[in-house]
Each structure stands twice: as structure tokens, then as C-alpha cells.
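Protein sequence lines, in the order shown, are assigned to chains A and B. For what it's worth, numbering that gives the first Met the number 0 labels the leading residue of the first sequence as 0, then goes sequentially. For what it's worth, numbering that gives the first Met the number 0 labels the leading residue of the second sequence as 0, then goes sequentially.
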Amino acid sequence: MSDPSAKLIKGNTGEWEVVIGLEVHAQVLSQAKLFSGASTAFGAAPNSQVSLVDAAFPGMLPVINAFCIEQAVRTGLGLKAKINRRSVFDRKNYFYPDLPAGYQISQYKHPIVGEGKVTVDLPDGTTRRVGIERLHLEQDAGKSLHDQHPKQSYVDLNRAGVALMEIVSRPDLRSAEEAAAYLRKLRAILRYLGTCDGNMEEGSMRADVNVSVRRPGAPLNTRCEIKNVNSMRFVQQAVEYESRRQIQVLEDGGTIRQETRLFDSSKGETRSMRSKEEAHDYRYFPDPDLLPLEFDQAFVDRIAATLPELPDEKKARFVSQYGLGAYEAGVLVAEREPAEYYESVAKGRDPKLAANWVSVELFGQLNKAGKDLAQSPVSAAGLGELLDLIKDGTLSQRLAKDVFALMFETGKGAAAVVAEKGLKQVSDTGAIEAAIDKVIADNAAKVAEYRGGKPTLFGWFMGQVMKATGGKANPGMVNPLLKKKLDG
Amino acid sequence: MPAERNPRLARIGGALLDLRRRRAPITLARPGAAALSKLDRETVRRIARLARIRVEENEFEPLAGELSKILGFVEQLSQVDTAAVEPLAAINGLTLPWREDRVADGGKADDVLANAPARAQGYYAVPKVVE
């Protein structure tokens, strides 16, 4: 566990502690909507994926999508949470043009998933356990466009009725970094489970961030809710701005009003959404159109049996099976694809060497090129081939880096690059000896110095020989040969 | 609304049926509970605003009286002692039907927009909502 005192913010009148809880809306990966047969695909023509249920035509009845139930349960299991085999759908009432029924079907008192937990990995290598309060299923609203017409808003109901999982954390987070790290971990779990694609740009994952500040150890203070923050970076910025704002208000003798605020990413600040203040009486009641949702333990067990290995378990296995350090293992398992990529490179090879090449060379090049793993020009098999060339002595580590850079640039295989560029390591004793002799002959003064009692010069001679061979000499062979000639 | 479609009514109806089946005596749980709930004007004003119903100033007082009477009428049910009765969502063994995850609807923007007072480029067009 990390040291909580390190997270305190210094104000003018002393130190403050930030308390953060997140409500994450994650779109369920399903073909059809939660209560209708209309498609959930992103980017279709306006109102083309709307059934009469979604548009709230009179007399239309919602019928629940079995797969969405399964996905919610699967997510609950991934969050090590209590699965409620009986849950109830309620109507959450409010008026907005993109909510045609005048209510959202949600779950209030009896959610499908109860308490769970997420272990968050922090950048300093420590971990923090964050409590999950609940997960419930609900409908998304439609989309309003306010900038298309001077006097009108345009409404597209394609998104209306799409299944969302609202995942509510306990107020267990204590800094902007922790909030971002929590969101990152939650996203990874959802993507491992395959229940949400975690695409924050397309809005399939977004967060409402609850922030309050207090004196260390004091009771919880009034919080503000920052709505619809749609990237990890914005979550971090929003928390940083909002906590400083609240500290300033309190230090100036003011009080915090509970309110909904909006994060303006262009200015990096939060501001009050006054229009929503009145609307906080949702008058929840059980939806008369829907009976309680019930399933048996066998249904839950069937889903549990198909659960993949999740990031925490994978990390533990990478440490025990491959002997990797916790940090390196954490980097590799942060997403499912790199973890799989690593395992196929490591198979039958030195696992530590493989980890180093994947997390340093490959990730480094991908980062530099602004690509993700799916776009990598070097496949796992290709990187494996390169590691094999190091192992059989064809390439030194140093040469291998050059070969890798060329593979990344051209998309060619390791052997092809080596042949084409003549980068093969020189392991021919005669050629190496010739190079050593030349270095010794050209540097008589240094040789005398070395022999006169300055053994640290050995490294310099190594460098000269490597340079003379264009870096291609096999260092494992140069070392003993050079030693023999210098000492002899 | 038919009783089987409204869980609350269904639950109450179910409790009564169940009691009759077991020939249990119906007892009054809270003898004074039937006292009328009194709604004040401000509450009625708030309810009207939440429901987006326009109510004229001179209507609040009579409306408060009428709504209070309705509440009082319904509250008589709280006299039934249901302490020993399991909550019941449906009286005829119905369970929530589940649907397969298959796209089987949509592609009818014209139908969906048919009753819209205004439309533009395939969208509903509504008076501007200012954020």
C-alpha cells in the first residue's frame, strides 16, 4: 500500500486530503440494445437504429436482452463482486429532449451486482485496493447536437436504449493519479473480459467524478460531481482543478455547495451546470413494464467457467512462471494483446530477455511511431526469430537493436535484414584477431600504459575493436582473445 | 393499468389473496395510519414542475386537497398487516422474458420521426436546449 501522507495537497492554511469516487458508464458490447432489437453500431445515419421501443411510442414494451444480463454478470465476476440473482428495474424520471420516455430504465435499490473490489497499480509500483459499491444495468440516452442550428437542438436516438453498466466505486481514491490509475485498471479488466471495448473517444466509456476535500482524518466534506469526463488525462486534470478550487473556497472561509459541474477540456477547468440543479428529484419507482430479473446459480457458474485470466492473476503468473519483476509484469499485462504477444515471444526462449525486448524495444518503437500493437510491423514470430539469432550467436545484443530498428522500419524478417545489410556478427577467430592486432599496433602508448598497471584500459580496447569491426565482432569472442594478446 | 402489469398493485393484491387462502385474519397494523396525508401548496407546485404540468396559481389549493384525498384513500391499504407475507411481483407465475442478442429492428427513421413536430436532416428538431 502506498503512503497516504504523500498525497496531501498543501494549501495556505495547512494540508488537505482529496477524496474521490468514480461512477463509470461502460457500454455493454452487444449487437442489440438492452430492451429492443435495434443495432448498437457506432456512427450510423441519425435515427436509423431506433425501434419504436427506443422512441417510446405508446404501447411498446421493453424486452430484456439476455446477452446484456450475461455481460453484466461477467463484469461483476471480474470485479470479484457479489452477484445478485434477483434485481429490479426502476424508472428514473427526468425531462430532456434526448430521453423520449421521460424516464430512463435503470436499477436503483436492487442492482444486478453488489460489492466488489479492484486492485489499482500506481506509477510508483505500489498498489491500492478500491472498493466497488455496485454495478447496475441501465439505458443510455440519445444524443443532442446543439451547434447545428441557431434556434434548435437536433436529437439522434441511435444511442437511446443502448445497454450501459454503471460501475460505482467507493470514495477510496486519494489523488488525481489514483483516479486515473483506477480508470485505467477498470478499463483493462473490462477489455480482458470483453464486456466493453473501453473506447473513450467514441463515448463507450465515460466517468462521473465525485470530488471533495477535507483535513486529514476529518469527516467527509460536501462533494461536487463532475459529469461525463471522457479520457484518463481529463479525469486527472478535472480532479486537480476541482480539488484546488474547493481548497481555495474553504480557505477563503466559504462553503462547498453540492452541485453538478462540467469539465471544459479546452480550458482545463470545471464549472457549474446551473441548469441541472433543479432536476435532482428523479422519483424512482419500480418499472411496471418489467418483472424482477432473476436467474439461478447455474447461470452464474456457466459464465464464471468462461472467465479469462484477468490482469492481476496474469501478472502474478508472469512473476512466478517467467521470473519477471512486478513492475515489468505489470507493464506487460496492462492490456490483453501485449500480454499475449509477450507470451508467444517468450515461448521456448529466455523469458526475461523476451520481456526486455517487448517492453523496452518494441514498446519504445511503437511509442515513437505513435502506433499501437495491432499496427506493429514486427510480429511476435518476427521478434522471436530475432531473439533466436541472438541466441545462436549470429547477432550481438547491440547489432540486434539495429536489426530490430530496420525490421520495424521495413517490415522485413530478421534473417532477411541481416543478410541484406551484412549485419551478421563476426565470429571468425582470424578476422577478430586481425582487428585486435591492428588496434594494438596503432596504440602502442596505450598498450604500454595498460601493461604498466592500468587494467581499467581494457574496456577502452574492447571499444576500439568493436569500432574497428563496425560493431559486428562477437563480443564474447573478442574478450578472451584481446585479453590474451594484451597480457601476452 | 391492469393489476398484473403493476408490481405494486400486484403485490398488494397478491398479499390479500394469499391471506384469504390461508384464512388468516386481516388485522390492522397501525390503527391510526389511515389519517389523511396533507400535501401543501409548495409540494404540489414542486410535483407539477417535475411533471412539466402547468398549474395556474388559483388551482394549487384545490389540487392540494384532491391529491391529499387520493393519498389518504390509498393509504388505507397500510392498515393490512403484511409482516408475514413475502413480497410478490406477479400473481400468475410470470417471469421476465429474455430476448436473444440479435439485431431485428431499426432502419425505420421515417416511422420514428413521423410524429415529430419538426425534423431536419434525419434528426428530431427541438427548441434549443441551452446548457
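Glycine residues also receive a C-beta, built at the ideal position from the N, C-alpha and C atoms. All values reported here derive from a predicted model rather than from experimental measurement.
State buried or exposed for residue 197 of chain A, treating a residue as buried only when at least 16 other CB atoms are found within 10 Å of its CB.
Within the first sequence, residue 197 of chain A is the residue found at index 198, counting from 1. Per the 10 Å Cβ criterion, buried.
For chain A, is any of its Cβ atoms less than 8 Å away from the one on residue 47 of chain B?
Translated into the one-based positions of the second sequence, residue 47 of chain B becomes position 48. No, no contact with chain A.
Taking 8 Å as the cut-off, does the stretch 48-60 of chain A touch the stretch 187-205 of chain A (at least 3 CB pairs, one atom from each stretch)?
Because the criterion of three Cβ pairs below 8 Å is not met, the stretch 187-205 of chain A and the stretch 48-60 of chain A do not touch.
Shortest alpha-carbon distance to residue 16 of chain A belongs to which of A:179, A:222 and A:82?
For this step, residue 16 of chain A is matched to residue 17 along the first sequence. Considering only alpha carbons, the answer is A:222.
What separation, rounded to the nearest whole angstrom, lies between the Cα atoms of residue 317 of chain A and residue 367 of chain A?
The residue you call residue 317 of chain A lines up with position 318 of the first sequence. The residue you call residue 367 of chain A lines up with position 368 of the first sequence. One C-alpha to the other measures close to 26 Å.
Cβ of residue 218 of chain A less than 8 Å from any chain B Cβ?
Here residue 218 of chain A is taken as the residue at index 219 of the first sequence, counted from 1. Chain B, which has no Cβ nearer than 8 Å to the Cβ of residue 218 of chain A, makes this no.
By the criterion of Cβ-Cβ separation under 8 Å, what are the contact partners of residue 105 of chain B in chain A?
Mapped onto the second sequence, residue 105 of chain B falls at position 106. Within chain A, the residues near residue 105 of chain B are 36, 37, 38, 47, 48, 49 and 50.
What in chain B is Cβ-close to residue 29 of chain A, meaning under 7 Å?
Sequence index remark: in the first sequence, residue 29 of chain A carries index 30 (1-based). Result: 100.
Which value, in whole angstroms, describes the spacing of the CA atoms of residue 10 of chain A and residue 178 of chain A?
Here residue 10 of chain A is taken as the residue at index 11 of the first sequence, counted from 1. Here residue 178 of chain A is taken as the residue at index 179 of the first sequence, counted from 1. About 21 Å.
Any beta-carbon of chain A closer than 8 Å to the one on residue 73 of chain B?
By one-based count along the second sequence, residue 73 of chain B stands at place 74. No - not a single Cβ of chain A is within 8 Å of the one on residue 73 of chain B.
Quick check on residue 69 of chain A: does DSSP put it in helix, strand or coil?
Position 70 of the first sequence holds residue 69 of chain A. Three-state DSSP puts residue 69 of chain A in a helix.
Let me make sure I understand the geometry here. Which of A:218, A:453, A:213 and A:487 has the alpha-carbon closest to that of residue 243 of chain A?
For the purposes of this step, residue 243 of chain A is taken as residue 244 along the first sequence, with counting starting at 1. Per the Cα distances, A:213.
Just grab the DSSP bridge partners of residue 226 of chain A for me.
Taking the first residue of the first sequence as position 1, residue 226 of chain A is located at position 227. DSSP lists A:261 as partners of residue 226 of chain A.
Residue 65 of chain B and residue 144 of chain B - do their beta-carbons sit closer together than 8 Å?
The first residue shown for chain B is 0 and the last is 130, placing residue 144 of chain B beyond what the model contains.
Just to confirm, is the Cβ distance from residue 32 of chain A to residue 112 of chain A under 8 Å?
Translated into positions along the first sequence, residue 32 of chain A becomes position 33. Translated into positions along the first sequence, residue 112 of chain A becomes position 113. Taking 8 Å as the Cβ cut-off, residue 32 of chain A and residue 112 of chain A do not qualify as a contacting pair.
Between which two residues does the alpha helix (DSSP H) carrying residue 61 of chain B extend?
The sequence position of residue 61 of chain B within the second sequence is 62, counting from 1. Here the alpha helix (DSSP H) through residue 61 of chain B covers 59-74.
Compute the beta-carbon to beta-carbon distance between residue 229 of chain A and residue 199 of chain A, rounded to the nearest angstrom, for a pair I have assumed lies under 8 Å.
Working through the first sequence from its first residue, we reach residue 229 of chain A at position 230. Working through the first sequence from its first residue, we reach residue 199 of chain A at position 200. Confirmed, Cβ separation roughly 5 Å.
I'd like to know whether the C-beta of residue 125 of chain B is nearer than 8 Å to at least one C-beta of chain A.
Reading the second sequence from its first residue, position 126 is the one you call residue 125 of chain B. With 8 Å as the cut-off, residue 125 of chain B counts as an interface residue toward chain A.
So if I threshold CB-CB distances at 9 Å, which residues from the stretch 149-167 of chain A count as touching chain B?
Taking 9 Å as the Cβ-Cβ cut-off against chain B, the residues of the stretch 149-167 of chain A that qualify are 149, 150, 151, 152, 153, 154, 155, 156 and 157.
Can you check whether the C-beta of residue 94 of chain B is within less than 8 Å of a C-beta belonging to chain A?
In the second sequence, counting from the first residue as 1, residue 94 of chain B sits at position 95. Yes, residue 94 of chain B counts as interfacial toward chain A.
My guess is that residue 121 of chain B and residue 108 of chain B are in contact by the Cβ rule of under 8 Å, so how many angstroms apart are they, rounded?
Looking up residue 121 of chain B in the second sequence gives position 122. Looking up residue 108 of chain B in the second sequence gives position 109. The pair is a contact, with the Cβ atoms about 6 Å apart (cut-off 8 Å).
Could you check whether residue 432 of chain A and residue 386 of chain A sit closer than 8 Å to each other, using their CB atoms as the reference points?
As a working note, residue 386 of chain A is residue 387 in the first sequence. As a working note, residue 432 of chain A is residue 433 in the first sequence. No, they are not a contact pair.
Does chain A have any CB closer than 8 Å to the CB of residue 15 of chain B?
The residue you call residue 15 of chain B lines up with position 16 of the second sequence. For residue 15 of chain B, the pLDDT reaches just 48, beneath the cut-off of 50, and the residue's location in the model is therefore unreliable, leaving the point undetermined.
Tell me which same chain residues have a C-beta within less than 6 Å of the C-beta of residue 353 of chain A, skipping the five on either side of it?
Walking along the first sequence from the start, residue 353 of chain A turns up at place 354. 344 and 345, listed in sequence order.
Is the separation between the beta-carbon of residue 73 of chain B and that of residue 62 of chain B shorter than 8 Å?
Within the second sequence, numbered from 1, the residue matching residue 73 of chain B stands at position 74. Within the second sequence, numbered from 1, the residue matching residue 62 of chain B stands at position 63. Taking 8 Å as the Cβ cut-off, residue 73 of chain B and residue 62 of chain B do not qualify as a contacting pair.
Are any of the Cβ atoms in chain B nearer than 8 Å to that of residue 298 of chain A?
Along the first sequence, read from residue 1 onward, the residue named residue 298 of chain A stands at position 299. Judged by the 8 Å Cβ criterion, residue 298 of chain A is not in contact with chain B.
Restricting to Cα atoms, I'd like to know which of A:168, A:300, A:98 and A:169 is closest to residue 159 of chain A.
In the first sequence, residue 159 of chain A corresponds to position 160, counting from 1. Considering only alpha carbons, the answer is A:98.
Run through the stretch 53-105 of chain A for me and flag every whole beta strand (DSSP E) of 3 or more residues, listed as ranges in chain order.
Counting whole runs of 3 or more residues, the stretch 53-105 of chain A contains the beta strand (DSSP E) stretches 89-92 and 102-105.
Can you say whether residue 186 of chain A is buried or exposed, counting buried as having 16 or more other CB atoms within 10 angstroms of its CB?
Position 187 of the first sequence, counted from the start, is the residue given in the question as residue 186 of chain A. With 16 or more Cβ atoms within 10 Å of its Cβ, residue 186 of chain A is classed as buried.
Hey, quick one: how far does the beta strand (DSSP E) through residue 15 of chain A stretch, first residue to last?
Here residue 15 of chain A refers to the residue found at position 16 when the first sequence is read from its first residue. Note, residue 15 of chain A: beta strand (DSSP E), 14-26.
Name, going along the chain, the residues of the stretch 108-119 of chain B whose beta-carbon falls closer than 8 Å to a beta-carbon of chain A.
Listed by position, the residues of the stretch 108-119 of chain B near chain A (Cβ gap below 8 Å) are 108, 110, 111, 112, 117 and 119.
Take residue 302 of chain A and list the residues in its own chain whose beta-carbon comes closer than 8 Å to its own, dropping the five residues that flank it on each side.
By one-based count along the first sequence, residue 302 of chain A stands at place 303. Excluding sequence neighbours, residue 302 of chain A sits near 69, 72, 73 and 76.
Determine the closest residue to residue 97 of chain B out of A:315, A:7, A:297 and A:66, with distance taken between C-alpha atoms.
Taking the first residue of the second sequence as position 1, residue 97 of chain B is located at position 98. When only C-alpha atoms are compared, the closest one is A:66.
Nearest-angstrom Cα distance between residue 417 of chain A and residue 356 of chain A?
Sequence index remark: in the first sequence, residue 417 of chain A carries index 418 (1-based). Sequence index remark: in the first sequence, residue 356 of chain A carries index 357 (1-based). Answer to the nearest angstrom: the Cα atoms are 18 Å apart.
Evaluate residue 306 of chain A with the Cβ neighbour count: other Cβ atoms within 10 Å of its Cβ, from every protein chain shown; 16 or more gives buried, anything less gives exposed.
As a first step, residue 306 of chain A is located in the first sequence; it is residue number 307 there, counting from the start. The residue in question, residue 306 of chain A, is exposed, as its Cβ has fewer than 16 Cβ neighbours within 10 Å.
Are three or more beta carbon pairs between the stretch 285-298 of chain A and the stretch 79-94 of chain A nearer than 8 Å?
Yes, the stretch 285-298 of chain A touches the stretch 79-94 of chain A.
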